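K.L.:
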Amino acid sequence: MSRFDRLLLDSDEAFANGASTFLDAFPGVRDPQPRIYVKFRPEGVEPTIVFLALLDTGGHFCILNDLVANLVEDRLGERIDEVSLQTARGLVRGDLYRHRIVLIAEKGESLTVDSNVLVLKDWTAPCFIGYSGFLDRLSFAVDAPRNRFYFGTDF
Amino acid sequence: MPPTYPMPTKMPSPSRTRSGKALIQPAADPEAVLSEIRRLITHRPDRARRLAAEAVIRFPEHARIRSANSVLNDPQQPMEKTPPEPPTDEEFEWLKNAPDAVRGKWVALSGSELLVADEELKSLMANLRTEYPDRRALVHYIEQV
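Heads up: the sequence lines are chains A and B, in that order. Throughout the first sequence, residue numbering follows this note's numbering, covering 13 to 167 in sequence. Throughout the second sequence, residue numbering follows this note's numbering, covering 894 to 1038 in sequence.
1) For A/Glu25, which residues in chain B fall below 8 angstroms Cβ to Cβ?
2) Rounding to the nearest angstrom, what Cα-Cα distance links A/Arg110 and A/Phe34 in this structure?
3) Please determine, among A/Leu20, A/Asp78, A/Lys119, A/Asp155, the residue with the shortest C-alpha to C-alpha distance to A/Pro138.
4) For a contact meaning CB atoms closer than 7 angstroms, what does A/Leu83 contact in chain B?
5) For B/Leu1007, collect the residues of the same chain with a Cβ closer than 8 angstroms to its Cβ; drop the 5 residues on either side in sequence, then sort them by chain order.
6) Going by beta carbon distance, what residues of the same chain come within less than 8 angstroms of A/Arg160, once the five residues before and after it are set aside?
7) Exposed or buried, what is B/Ala1019 when buried is set at 16 or more other beta-carbons lying within 10 Å of its beta-carbon?
8) Assign A/Lys51 to one of two classes, buried (16 or more other C-beta atoms within 10 Å of its C-beta) or exposed (fewer than that).
9) How about A/Pro46: is its C-beta nearer than 9 angstroms to some C-beta of chain B?
10) Just confirm the distance between the C-beta atoms of B/Leu944 and B/Leu933, as a whole number of angstroms; I'd bet it's less than 8 angstroms.
11) Of all the alpha helix (DSSP H) runs that stay within the bounds of the stretch 26-104 of chain A, which reach a length of 4 or more residues?
12) Return the chain-ordered list of same chain residues with a C-beta closer than 6 angstroms to the C-beta of A/Arg112, the five sequence neighbours on each side being excluded.
13) Work out the CA separation of A/Leu88 and A/Val129 for me, nearest whole Å.
14) Can you tell me whether DSSP reads A/Trp135 as helix, strand or coil?
15) State the beta-bridge partners of B/Ala1001 as determined by DSSP.
16) What in chain A is Cβ-close to B/Pro977, meaning under 9 angstroms?
17) From the DSSP output, read off the bridge partner residues of A/Phe16.
18) Would you kindly work out how many angstroms separate the C-alpha atoms of B/Gln918 and B/Phe952, rounded to a whole number?
19) Under 7 angstroms between beta-carbons, which chain B residues line up against A/Arg110? List them in chain order, please.
20) Using a cut-off of 8 angstroms between C-beta atoms, extract the partners of B/Ala1030 located in chain A.
21) Quick one: is B/Pro980 near chain A, going by C-beta distance under 9 angstroms?
22) Check B/Asp1027 in the structure and name its three-state DSSP category.
23) Could you give the residue range of the beta strand (DSSP E) that holds A/Val154?
24) Is the beta carbon of A/Ala28 sitting closer than 9 angstroms to the one on A/Gly164?
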């Protein structure tokens, strides 16, 4: 157990509910710059399945490509409207929904967050965990040398 | 002793700007307000939230404005906490060294074992359900580079 596990997760004063290892680089994306990929699952997908999403503290929303979203299509939550978003891959349009996303922990507890989710067609980049409506509801920390992501909530 | 300041007894109304001015004009059209909320969502989400909060008071019967306000200002459903899941260190190692043969495909990994690779996520999931119904799997798309 690392010192940060003790401080952030296991002490009486700890803020985190869960911790997970993140992946910070792999050649499976067009843009191979270092990023933080965390484990998640849209609610409604089998609990044996794990997906990776890019943690994007500058991102407006969580982004799912429509293929992943289609796996839970009949359980996808409330749709607000069509939204345009400027991304590193150009201007994209998608549908904004409300859906619950499971942030998966290896230690402590996983958290299911009621989130704003933008569903994009023909989006081959990774899914994104964004700020508004998701990360802005959590406390979180990154232990970069150990590739550990800590997250928690007071709710 | 440091000076003390009275605590505010009421938060500023979300329907007003900092100057206290309403965001929505008296004769505003709800569809135009909804379009403005939509436009602001990706540029000024804070302002979109305030506008949606004011709009739902002005146009309480407008279903899409109610929906917009619900999405933007009511994300406070309690979070659910569930048990932790097994680590995926072996899957991560596999992904770091993914072979060229899986580029442009979805892969399903269990430990260091590649269960399924398929160009279509839907058929990959169908295959997982029939061939490996109880196996945990990390599913990810390997882009063409």
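We put the beta carbon where it would ideally sit given N, CA and C, even for glycine. All of these numbers come straight from a predicted model, not from anything done at the bench.
P.N.:
In brief:
1) Within the first sequence, the letter at position 13 stands for residue 25 of chain A. Those do not exist, as A/Glu25 stays about 19 angstroms from chain B at its closest Cβ, beyond 8 angstroms.
2) Here residue 110 of chain A refers to the residue found at position 98 of the first sequence. Here residue 34 of chain A refers to the residue found at position 22 of the first sequence. A/Arg110 and A/Phe34: Cα-Cα distance of roughly 25 angstroms.
3) Your numbering for residue 138 of chain A matches position 126 in the first sequence. Taking only the C-alpha atoms, the option nearest A/Pro138 is A/Asp78.
4) Taking the first residue of the first sequence as 1, we reach residue 83 of chain A at position 71. Per Cβ cutoff of 7 angstroms: Met1018.
5) As a position in the second sequence, residue 1007 of chain B is number 114, starting the count at 1. Only Trp987, Val995, Val1000, Ala1001 meet the Cβ criterion.
6) Locating residue 160 of chain A in the first sequence gives position 148, where the first residue counts as 1. Excluding sequence neighbours, A/Arg160 sits near Ser14, Phe16, Asp17, Ala31, Ser32, Thr33, Phe34, Val154.
7) The residue given as residue 1019 of chain B occupies position 126 in the second sequence. Answer is exposed; the Cβ neighbour count stays below 16.
8) Taking the first residue of the first sequence as position 1, residue 51 of chain A is located at position 39. A/Lys51 is buried by the Cβ-count criterion.
9) Within the first sequence, residue 46 of chain A is the residue found at index 34, counting from 1. Taking a beta-carbon distance threshold of 9 angstroms, A/Pro46 does not count as an interface residue toward chain B.
10) Start at 1 with the first residue of the second sequence, and residue 944 of chain B comes out as number 51. Start at 1 with the first residue of the second sequence, and residue 933 of chain B comes out as number 40. Yes, B/Leu944 and B/Leu933 are in contact; Cβ-Cβ is about 6 angstroms, under 8 angstroms.
11) Listed in chain order, the complete alpha helix (DSSP H) runs (minimum 4 residues) inside the stretch 26-104 of chain A are 78-82.
12) Your numbering for residue 112 of chain A matches position 100 in the first sequence. The residues Glu55, Thr124, Asp126, in chain order, have a CB closer than 6 angstroms to that of A/Arg112 in the same chain once the five nearest residues on each side in sequence are set aside.
13) What you label residue 129 of chain A is simply residue 117 of the first sequence in a count that begins at 1. What you label residue 88 of chain A is simply residue 76 of the first sequence in a count that begins at 1. For A/Val129 and A/Leu88, the distance between alpha carbons rounds to 10 angstroms.
14) Taking the first residue of the first sequence as 1, we reach residue 135 of chain A at position 123. Reduced to three states, the DSSP call for A/Trp135 is coil.
15) Taking the second sequence and counting its residues from 1, the one referred to as residue 1001 of chain B is at position 108. In the DSSP output, where bridge partners are listed per residue, B/Ala1001 has B/Val1009, B/Val1032.
16) What you label residue 977 of chain B is simply residue 84 of the second sequence in a count that begins at 1. Counting only Cβ-Cβ distances below 9 angstroms, B/Pro977 has contacts in chain A at Gly30, Ala31, Ser32, Ile116, Ala117, Glu118, Lys119, Gly120, Glu121, Ser122, in chain order.
17) Stepping through the first sequence from its first residue, residue 16 of chain A is reached at position 4. According to DSSP, which records beta bridges pairwise, A/Phe16 is partnered with nothing at all.
18) Position 25 of the second sequence, counted from the first residue, corresponds to residue 918 of chain B. Position 59 of the second sequence, counted from the first residue, corresponds to residue 952 of chain B. Distance between the alpha carbons of B/Gln918 and B/Phe952: 12 angstroms.
19) Here residue 110 of chain A corresponds to residue number 98 of the first sequence, with the count starting at 1. Near A/Arg110 (Cβ distances below 7 angstroms), the residues of chain B are Val964.
20) As a position in the second sequence, residue 1030 of chain B is number 137, starting the count at 1. Going along chain A in sequence order, the residues near B/Ala1030 (Cβ under 8 angstroms) are Thr60, Ile61, Val62.
21) Mapped onto the second sequence, residue 980 of chain B falls at position 87. B/Pro980 counts as touching chain A.
22) Along the second sequence, one-based indexing puts residue 1027 of chain B at 134. DSSP, read as helix, strand or coil, puts B/Asp1027 in coil.
23) For the purposes of this step, residue 154 of chain A is identified with residue 142 of the first sequence, where counting begins at 1. Counted as a single uninterrupted DSSP element, the beta strand (DSSP E) harbouring A/Val154 occupies residues 151-155.
24) Stepping through the first sequence from its first residue, residue 28 of chain A is reached at position 16. Stepping through the first sequence from its first residue, residue 164 of chain A is reached at position 152. By the CB criterion at 9 angstroms, A/Ala28 and A/Gly164 fall inside the cutoff.
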